[in-house]
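In numbering that gives the first Met the number 0, the protein residues as written are 0 to 290.
All residues carry an ideal CB built from backbone N, CA and C; glycine is no exception.
Accompanying notes for the structure given below.
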Amino acid sequence: MTSRHPLNVASATRPDRLELHCVPPQHLVFQRTVSLVGMGVSSSNMNDTCVIREVTKDVWTFSCPFSRFGILPVGGRSTAVKLSNGDVWVMASTPLTEDTKAKLNELGPVRWIVGADAVHHLYLGDFKKEYPGAKLVAVDEAVKKKSKENLEFHGVWGSDPPERQFGFENDIKHCFFDGFANRDTAFFHPASRTLIVADLLFNLPCREQYSKTSSSGKVPIFGSLNPYMGIHKRFAWYLGADKEAMTRDAKTVAGWDFDRIIPCHGDVIEKDGHKAWCEAYKWYLDADKKA
0 MTSRHPLNVA
10 SATRPDRLEL
20 HCVPPQHLVF
30 QRTVSLVGMG
40 VSSSNMNDTC
50 VIREVTKDVW
60 TFSCPFSRFG
70 ILPVGGRSTA
80 VKLSNGDVWV
90 MASTPLTEDT
100 KAKLNELGPV
110 RWIVGADAVH
120 HLYLGDFKKE
130 YPGAKLVAVD
140 EAVKKKSKEN
150 LEFHGVWGSD
160 PPERQFGFEN
170 DIKHCFFDGF
180 ANRDTAFFHP
190 ASRTLIVADL
200 LFNLPCREQY
210 SKTSSSGKVP
220 IFGSLNPYMG
230 IHKRFAWYLG
240 ADKEAMTRDA
250 KTVAGWDFDR
260 IIPCHGDVIE
270 KDGHKAWCEA
280 YKWYLDADKK
290 A
């Protein structure tokens, strides 16, 4: 089933029972409203509330509290990978705090700064200013939103040819989801069997990201949002503006040999990550069976 518009999933249990709801995909792109007040955090003490840890060899996360509209704790996370040649690749999605800078400088020269989707772009300029020698790569919608900052982008997912190589592919593979409302790119680090994503997959509550605050990080009413919940399948289906493209890309990621998933929002899935991905994107991965 293919549609150019997202579908109404309020009461859906299967994709073939969904009714068309003609909302242009661009209206569904999450508005990344920075809100720390009300969740036990202020912007002034972000350095003290960011959790920095080595998830596995050469892979570091920078997990910070973040809520939408001041009431929905989803957390934020940047991820840094030390490549085989010693360079550092960063998916930049959180503030560049002093502790963050110190750890990145310790890891090695930052050579790549990545904006993973249309809304994870707020701190790209800060990272580029701190690491002027790094190459900046982001999705097309993020690049448009940074147009007033006069940033130089080495590569743009959605504008460059699909086969374009950016220089880090020996260590990190990537798949651009052009059919997803937020224009996300998924990343795979084979050496650690780790999948790194922005808004393609959530694993709430965000306990680690709020572990240094007075908040539990739990989602009001729902309590959680993880890949095994029906609402997550609906979420993934609803934000799929192009079902055929989503099926193609969901299968590409499912073809990668990962066990861990590092999402921007929620706790890291330390094991059985491949199973979690296949469950979250089951409606797409089973599309051929329904044909």
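DSSP, reduced to helix, strand and coil, places ILE230 within a helical segment of the structure shown. Judged by DSSP in its simplified three-state form, THR184 adopts strand. Across the structure, SER62 and LEU199 are spaced so that their CA atoms are roughly 17 Å apart. For LYS143, the enclosing alpha helix (DSSP H) starts and ends at 139-144. According to DSSP, residue pairing for ALA249 in a beta bridge does not occur.
PHE167 has its alpha-carbon roughly 12 Å from the corresponding atom of GLY85. Around the CB of ALA101, fewer than 16 other CB atoms lie within 10 Å, so the residue is classed as exposed. In the DSSP annotation of this structure, THR212 is not part of any alpha helix (DSSP H), being labelled neither H nor E.
Taking the Cα positions, SER146 is about 14 Å away from TYR122.
LEU194: member of the beta strand (DSSP E) spanning 193-196, first to last residue. Distance from THR193 to ILE261 at the Cβ level is roughly 6 Å; contact confirmed, criterion being Cβ atoms closer than 8 Å. By the C-beta density criterion, ASN202 is buried, having at least 16 other C-beta atoms within 10 angstroms. By the neighbour-count criterion, in which a residue is buried when 16 or more other Cβ atoms sit within 10 angstroms of its Cβ, GLN164 is exposed. Residues of the same chain with a CB within less than 6 Å of the CB of LYS217, apart from the 5 flanking positions on each side, are PRO204 in chain order. The DSSP-derived three-state label of GLY154 is strand. ASP256 has its alpha-carbon roughly 15 Å from the corresponding atom of ILE268.
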